[in-house]
Every structure is written in C-alpha cells, then in structure tokens.
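Chemist:
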Amino acid sequence: MLVFHTLEPIYFNDSKVLILGSMPSLKSRELGFYYSHPTNKFWTTLEKVYDTKIGSSKEEKIMFLKKNKIALFDVLQSCEISSSSDSSIKNPVANDLSIILNNSSITTIFTTGRKAYDLYKKLCYQNTKIEAIYLPSTSAANCPKNIDNILLSYYKIIKEKTDTK
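Heads up: take any position in the sequence shown, counting from 1, add 44, and you land on the numbering used here.
What follows is the structure, encoded as structure tokens:
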C-alpha cells in the first residue's frame with residue numbers, strides 16, 4: 045500500500061539533534077504523533093535517559109523535545125509499505141530535511157533502526173552532508189523485551205549531544 049508521511053516535523057530554532065525514523069507506524073499515523081504505538085519504547089527510553097517523566101499528551105512530549113533541543117521527523121515522505129513493517133518498504137521517496145536543517149541548530153542526526161539508517165545514507169546524506177548515528181529501534185516488533193539496558197546505553201548519546209552544561 046502506498047503511504048504518505050502526514051506528520052509535521054517537530055523542531056525548534058535551538059534544536060541540536062534530529063532523530064529520524066523511517067516512516068511513522070500505522071498506529072502513529074492513526075494517532076497523529078511520533079512513536080505512538082503503546083509498546084514502542086521510544087518515549088520510555090528517553091524518560092530513563094533524561095531521568096524525567098515526559099507525560100502522555102502530544103503537548104507534553106513536544107515540550108520535552110523543546111526543553112531538550114531535540115527535533116523529530118522521518119526519512120521517508122512516501123513509500124509502499126505493508127502495515128508498519130520496515131522490511132516491506134518499497135519505492136521510498138525521501139523527505140526534504142532542508143527546512144529543519146536551515147531553521148535550527150542541528151549538528152547531529154540519529155536514526156532509530158537499521159532501515160532508517162540505511163535509507164538515510166542512501167537517500168538523504170548526499171544532500172545533508174551530516175553523517176547519521178545509528179540507534180537501535182525502539183519498536184516492539186524489532187526489539188526483544190530484554191533490550192532496555194542496551195537502549196539506554198545507546199540513547200544516552202542523545203543526552204550528551206543536547207546537554208547545555
């Protein structure tokens with residue numbers, strides 16, 4: 045099924061890091077916000093990394109991102125995909141990341157999951173000239189239950205890049 049990215053990028057003038065997924069999941073598209081599937085560990089991992097409670101509303105999550113200078117978007121503007129399966133992605137078309145990069149202070153780009161990383165390298169790097177840093181996927185479909193410590197160790201690099209001390 046041909047799917048189009050319908051979520052607006054979240055970024056601020058002082059955003060230092062950009063976190064890119066591949067394409068919002070079916071549940072995220074339904075709910076209209078990033079990493080919205082209840083079993084996805086993205087927000088709970090960031091809560092542990094930043095030692096804070098983010099909250100469950102879109103507004104609370106956006107305030108957390110703003111406070112911590114984090115931007116969110118996805119690599120793909122459209123693709124053929126079966127449900128939310130990254131492995132089924134065909135005919136990918138990249139999002140234009142220049143609007144974010146030209147209107148923020150992004151110095152580091154992270155990708156969540158191998159597919160997002162590979163797609164970024166193939167479709168976006170030639171335009172951005174910013175090397176992406178691979179982070180493991182937080183999707184329940186891609187990460188076993190015992191991965192919490194691995195996620196924490198990888199995702200702490202986001203905090204290091206956004207620390208304003």
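For each residue, glycine too, the CB sits at the ideal point set by N, CA and C.
Excluding five sequence neighbours on each side, which residues of the same chain lie with their C-beta closer than 8 Å to the C-beta of VAL61?
Modeler: Position 17 of the sequence shown holds residue 61. Closer than 8 Å at the Cβ level, and outside the excluded window around VAL61, lie LYS113, ILE114, ALA115, ILE150, THR151, THR152, ILE153, PHE154, ILE202, LYS205, THR206.
Chemist: Please identify the residue among THR83, ILE133, LYS110, LEU195 whose C-alpha is closest to the C-alpha of LEU46.
Modeler: Along the sequence shown, read from residue 1 onward, the residue named residue 46 stands at position 2. Considering only alpha carbons, the answer is ILE133.
Chemist: Which of the three DSSP states, helix, strand or coil, is assigned to LYS209?
Modeler: On the sequence shown, position 165 is the one that residue 209 refers to. Note on LYS209: pLDDT 49, under 50, position unreliable in the model; the coordinate value appears next. Correct three-state label for LYS209: coil.
Chemist: Taking Cβ positions, are SER127 and LEU70 nearer each other than 7 Å?
Modeler: As a working mapping, residue 127 is identified with position 83 in the sequence shown. As a working mapping, residue 70 is identified with position 26 in the sequence shown. Going by C-beta atoms, SER127 is nearer than 7 Å to LEU70.
Chemist: Please say whether TYR164 and VAL119 have beta carbons closer to each other than 7 Å?
Modeler: Reading the sequence shown from its first residue, position 75 is the one you call residue 119. Reading the sequence shown from its first residue, position 120 is the one you call residue 164. Their beta carbons are under 7 Å apart, which means VAL119 touches TYR164 by this criterion.
Chemist: Consult DSSP for LYS97 and reduce its assignment to one of helix, strand or coil.
Modeler: The residue labelled residue 97 in the question sits at position 53 within the sequence shown. In the structure shown, LYS97 sits in coil (DSSP, three-state: anything other than H, G, I, E or B).
Chemist: Below 7 Å between beta carbons: does that hold for PHE108 and ILE98?
Modeler: Residue numbering aside, residue 108 sits at position 64 when the sequence shown is read from its first letter. Residue numbering aside, residue 98 sits at position 54 when the sequence shown is read from its first letter. Yes; because the gap between Cβ atoms is below 7 Å, this pair is in contact.
Chemist: Residue range of the beta strand (DSSP E) that PHE108 falls in?
Modeler: If you number the sequence shown from 1, residue 108 lands on position 64. Taken as a continuous stretch (DSSP letters only), PHE108 belongs to no beta strand (DSSP E), being part of the alpha helix (DSSP H) at 102 to 111.
Chemist: From the DSSP secondary-structure annotation, give me the bridge partner or partners of ILE114.
Modeler: Locating residue 114 in the sequence shown gives position 70, where the first residue counts as 1. Paired residues: VAL61.
Chemist: Rounded to whole angstroms, how far is the Cβ of TYR199 from the Cβ of THR50, which I believe are closer than 8 Å?
Modeler: Working through the sequence shown from its first residue, we reach residue 199 at position 155. Working through the sequence shown from its first residue, we reach residue 50 at position 6. Between THR50 and TYR199 the Cβ distance is about 26 Å, and since that is not below 8 Å, they are no contact.
Chemist: Take the Cβ of ALA184 as the centre, count every other Cβ of all protein chains shown within 10 Å, and call the residue buried at 16 or more, exposed below.
Modeler: Position 140 of the sequence shown, counting from 1, holds the residue named residue 184. Result: exposed.
Chemist: Please state whether the Cβ-Cβ distance between ILE144 and PRO68 is less than 7 Å.
Modeler: Here residue 144 refers to the residue found at position 100 of the sequence shown. Here residue 68 refers to the residue found at position 24 of the sequence shown. Contact flag unset, no.
Chemist: Could you give the distance in angstroms between the alpha-carbon of CYS123 and the alpha-carbon of SER59?
Modeler: Translated into positions along the sequence shown, residue 123 becomes position 79. Translated into positions along the sequence shown, residue 59 becomes position 15. Looking at the two C-alpha atoms, the distance is approximately 27 Å.
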